[in-house]
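Participant: Got a structure here, written out as structure tokens. Questions coming.
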Amino acid sequence: MAVDTVAGYRIWSATYDQPGNGLFGFEEAFVHDVIDALPVGTALDAACGTGRHAQYLARRGHRVIGVDSSPEMLTYARKRVPAAEFREGQLHELPLPDNHVDIAVCGLALAHLRDLRPAFAELARVLRPGGHLIITDVHHEMVALGSVPHIRSAAGEPQLIPSYRHRASDYLNAALPLGLHLRRCEEPGQQTMHEQDPMADDITTHAWDVWPWSLLAITPAAFSAAWTGTPAVVLWHFQLADE
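Structure (structure tokens):
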């Protein structure tokens with residue numbers, strides 16, 4: 002059963018920061034590397050969740066504004082980064098004025114959108130001329146292989162937060178017409194490498210919540226063949242044209 006992002010993240014917020022989200026390691030180093038090279042200013046963490054990137058930006062001395070559609074995620078973010086300002090809002094209608102921030106970060110969120118263009122238009126709108134936009138997202142090949150957020154309702158019913166398969170051309174077609182120039186793009190890949198491990202005697206697929214990850218221990222060779230080298234995330238650094 003599909004559930005919208007507000008309802009889905011209301012449930013996921015309680016466990017979002019617990020160990021287990023393997024995508025964080027792929028994208029945080031990239032985000033930090035770009036941020037470290039930029040001067041201190043006003044920064045937006047769009048779809049900030051529990052404030053992972055807001056926390057790093059604040060530690061680097063930026064004035065940070067976080068925006069998210071989930072009140073529950075914002076509750077955790079405010080506790081995590083008390084020095085930042087957090088506002089409830091949608092990616093397609095950011096609660097910020099024009100030309101307001103020097104840096105905008107949007108991490109692991111755009112895959113939930115059917116159309117990337119409204120979110121990119123808003124991110125470009127709030128950036129100052131010459132400002133930097135950092136986008137990280139689950140790779141479309143990972144979505145095809147089942148990397149979609151799995152949650153359970155309060156009654157224990159399995160639910161999915163929808164994720165869409167956006168190709169590189171979709172991001173570029175949304176960004177370039179707005180005057181966003183591409184500075185960097187990376188697609189780091191999975192390195193499972195379990196071809197030599199024997200097939201498990203216990204072929205129980207375990208809880209629905211960890212599907213298809215539970216297959217790694219059951220059929221390691223097949224899982225490795227499917228996943229090794231598959232891009233985990235797509236990472237973008239754009240810069241808005243300087244007027």
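Quick note: the working numbering has the sequence shown finishing at residue 244, numbered continuously throughout.
We treat Cβ as the ideally placed atom computed from N, Cα and C, and that holds for glycine.
#1: With a threshold of 6 Å (Cβ to nearest heavy atom), would Arg-126 be considered close to the ligand MG?
#2: How far does the beta strand (DSSP E) with His-182 in it reach, from first residue to last?
#3: Helix, strand or coil for Val-234 per DSSP?
#4: Would you say Ala-175 and Phe-121 are within 7 Å of each other, going by their C-beta atoms?
#5: Return the residue from the list Thr-231, Ala-85, Leu-114 that minimises the CA-CA distance to Gln-91.
#6: Do Phe-87 and Gly-67 count as a contact pair if the criterion is CB distance below 7 Å?
#7: According to the Cβ coordinates, are Phe-31 and Leu-236 closer than 7 Å?
#8: For the putative contact between Val-127 and Val-102, defined by C-beta atoms under 8 Å, what is the C-beta separation to the nearest angstrom?
#9: Can you tell me whether His-113 is helix, strand or coil according to DSSP?
#10: Which one or two residues does DSSP pair with Thr-43 in a beta bridge?
#11: Need the endpoints of the beta strand (DSSP E) that Arg-81 sits in, please.
#12: Quick check on Asp-46: buried or exposed, where buried means 16 or more other Cβ atoms within 10 Å of its Cβ?
#13: Could you name the residues of the same chain whose beta carbon sits closer than 7 Å to that of His-54, not counting the 5 residues immediately before and after it, in chain order?
#14: Am I right that Ala-85 and Ala-59 are in contact with their C-beta atoms under 8 Å? What's the rounded C-beta distance?
#15: Tell me the residue span of the beta strand (DSSP E) that contains His-133.
#16: Of the choices Leu-75, Pro-178, Met-74, whose alpha-carbon is the least far from that of Ser-170?
#17: Could you give the distance in angstroms between the alpha-carbon of Glu-89 and the alpha-carbon of Val-82?
#18: To the nearest angstrom, report how far apart Tyr-165 and Asp-99 are at their CA atoms.
Facilitator: Reading off the structure:
#1: With respect to the ligand MG, the structure shown offers nothing to examine, as it has no ligands at all.
#2: 181-187
#3: strand
#4: yes
#5: Answer by Cα proximity: Leu-114.
#6: yes
#7: Their beta carbons are under 7 Å apart, which means Phe-31 touches Leu-236 by this criterion.
#8: 6 Å
#9: helix
#10: Arg-64
#11: Run containing Arg-81: none in the beta strand (DSSP E); it sits in the alpha helix (DSSP H), 72-81.
#12: buried
#13: Val-32, Asp-46, Val-106, Gly-108
#14: 5 Å
#15: 128-139
#16: Pro-178
#17: Glu-89 and Val-82 have their C-alpha atoms some 15 Å from each other.
#18: A direct Cα-Cα distance of roughly 28 Å separates Tyr-165 from Asp-99.
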